[in-house]
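I have placed the structure first, in the form of structure tokens, so that the comments after it can refer back to it.
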Amino acid sequence: MEKESERKVEPFIMQGLVVEWSLPSKSSLVDWISETVEDVRVKEVVELFPKEIFDELENIRRTFYYRVEKLTIPAYSLKILPAEALPKFKEVVEETRAALVRLDEKIKEALKSEYTQKAVSYFTRKAEGKPRLVEGVSGRFNIFMMPLRVDRVLWDEFLNETMRREMERAREAYISEKARLEGELKAVKAEIEEQRRRLEAARRELEEAEAEVAKAYEGVTAPVDVALLRVQKAELEAKVKDLRAKARDLELKVQRLEREQREREANFNSARIWAGRQTEQTERRVRFDAWAVLNQQLRELVEEGLRVLDEPSNIRLREFKRLENVARNAMERVRSVMPASRMAEYYERLFIAMKEGASGRCEEAKKQLEAIRREI
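Letter by letter, the sequence shown follows residues 18 to 393 in our numbering.
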């Protein structure tokens with residue numbers, strides 16, 4: 018079996034509208050009775066409306082899904098709507114909403130029906146509470162749509178530019194904060210030097226005073242001066258000690274800031290590489306899935322065209338005219354979603370082949386269809 022990494026699909030640009038939706042379901046029209054029987058939890062579903070209400074809702078859902086499947090291209094859990102199919106999709110949405118609004122009216126009428134009255138009575142009796150009744154479901158129908166463009170070159174440019182701007186912003190903040198801390202550290206170191214000079218001067222003065230005391234035989238002036246100098250010396254030593262502690266703290270802050278910046282840059286680079294790999298894998302899967310769907314459709318149309326060549330001339334001409342329209346619609350769809358891709362070229366060649374067949378040039382049509390079949 019072919020591995021994911023071995024799937025080869027050209028890196029074509031893919032574009033369109035990603036569409037999602039939420040449709041009302043059967044759960045909107047039921048309620049549950051929960052109870053415990055012999056230590057077993059039991060949940061009983063009570064259908065609160067007549068069967069025809071459920072049948073009509075299910076029919077609306079099936080019709081919507083069927084019509085949307087015809088308009089969209091499935092790719093990696095996404096539904097991609099070609100731009101030219103937007104008017105038709107809008108029509109499907111509006112018709113579905115109108116059908117749900119009509120169902121709302123039937124639901125309101127059903128609230129008065131004998132069946133619903135019995136269902137409500139049964140639920141109230143067993144659950145000892147009233148059921149959750151709705152008067153309509155059309156408000157639960159929602160459409161979500163967003164543009165999609167799968168372009169590896171543009172994505173790389175966007176990712177790199179975004180990460181570059183963020184890195185520059187972080188680096189500017191780092192440089193500014195580092196300059197502030199280094200300026201503060203420089204001022205503290207200058208103050209340390211000033212206090213050290215004062216301390217050295219105080220020490221010399223103290224030593225001179227102590228020398229004078231040693232020579233003195235009487236008086237109290239010198240001893241008092243020595244005591245004062247000793248206090249001043251102790252204060253200066255304490256101040257220098259505090260300043261050195263502050264300087265050490267600032268040095269640690271600068272080191273931490275530099276370390277955090279290195280980690281930030283490493284994280285940015287790691288995130289950029291990771292995002293690149295993840296988007297590349299997703300992009301490859303989206304392209305592969307879309308390519309596989311369109312390739313299968315292409316094969317089927319080619320085989321159908323070759324089969325028509327064996328039909329009688331009157332049937333052959335009619336069938337080729339039908340296939341010409343089918344191929345034209347398919348070509349426009351692929352051109353919209355995958356412009357300038359090999360798949361778009363295949364569908365253009367398919368359309369030309371069908372057109373040749375519709376014009377009665379069957380040999381040329383056969384030649385072109387067989388060439389496409391060999392290549393795909």
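Here a beta-carbon is modelled for each residue, glycine too, at the ideal position from N, C-alpha and C.
Computed from a prediction, not measured in an experiment: that's the story for all the values here.
DSSP on residue i, reduced to helix/strand/coil?
i	result
Asp72	helix
Val154	coil
Gly146	coil
Ile389	helix
Asp48	strand
Trp308	helix
Glu55	coil
Leu103	helix
Gly200	helix
Arg378	coil
Leu260	helix
Ser42	coil
Measure the C-alpha to C-alpha separation of residue i and residue j and round it to an integer number of angstroms.
i	j	result
Arg350	Arg157	30 Å
Glu280	Pro164	36 Å
Tyr364	Asn346	10 Å
Pro78	Ile90	In the sequence as displayed, the identity of residue 78 is Arg instead of Pro. Going by the C-alpha atoms only, they are around 19 Å apart.
Met348	Leu323	18 Å
Val257	Arg197	22 Å
Asn342	Ile50	54 Å
Ser376	Lys87	28 Å
Leu318	Val354	19 Å
Ile393	Pro356	18 Å
Val137	Ser45	15 Å
Gly153	Ala307	37 Å
Lys409	Leu34	Limits of the chain in this structure are 18 at one end and 393 at the other, which puts residue 409 out of reach.
Val110	Asn286	44 Å
Arg316	Met360	12 Å
Glu55	Ser155	41 Å
Tyr132	Glu64	10 Å
Ala92	Val310	8 Å
Using the Cβ count rule (16 or more neighbours within 10 Å means buried), how would you classify residue i?
i	result
Phe161	exposed
Arg273	exposed
Lys372	buried
Pro329	exposed
Ser42	exposed
Trp62	Here the sequence assigns Val to residue 62, which means Trp is not the residue at that position. It is exposed - the Cβ of Val62 has fewer than 16 other Cβ atoms within 10 Å.
Glu336	buried
Ser22	For Ser22, the predicted structure reports a pLDDT of 40, less than 50, and the residue's modelled location is therefore unreliable. The matter cannot be settled from this model.
Leu253	buried
Asp424	Lying before the first or after the last residue shown, residue 424 is absent from the chain, which here runs from 18 to 393.
Ile290	exposed
Arg166	exposed
Arg366	buried
Ile97	buried
Gly374	buried
Three Cβ pairs or more, each shorter than 8 Å: is that satisfied between the region 213 to 222 and the region 266 to 274?
No, the region 213 to 222 does not touch the region 266 to 274.
State whether the region 145 to 159 contacts the region 89 to 108, with contact taken as three or more CB pairs (one from each stretch) at a distance under 8 Å.
no
Any 3 or more C-beta pairs closer than 8 Å across the region 380 to 393 and the region 106 to 124
no
Can you list the beta strand (DSSP E) stretches of 3 or more residues lying completely in the region 300 to 361, in chain order?
Secondary structure within the region 300 to 361: not one fully enclosed beta strand (DSSP E) run of 3 or more consecutive residues is present.
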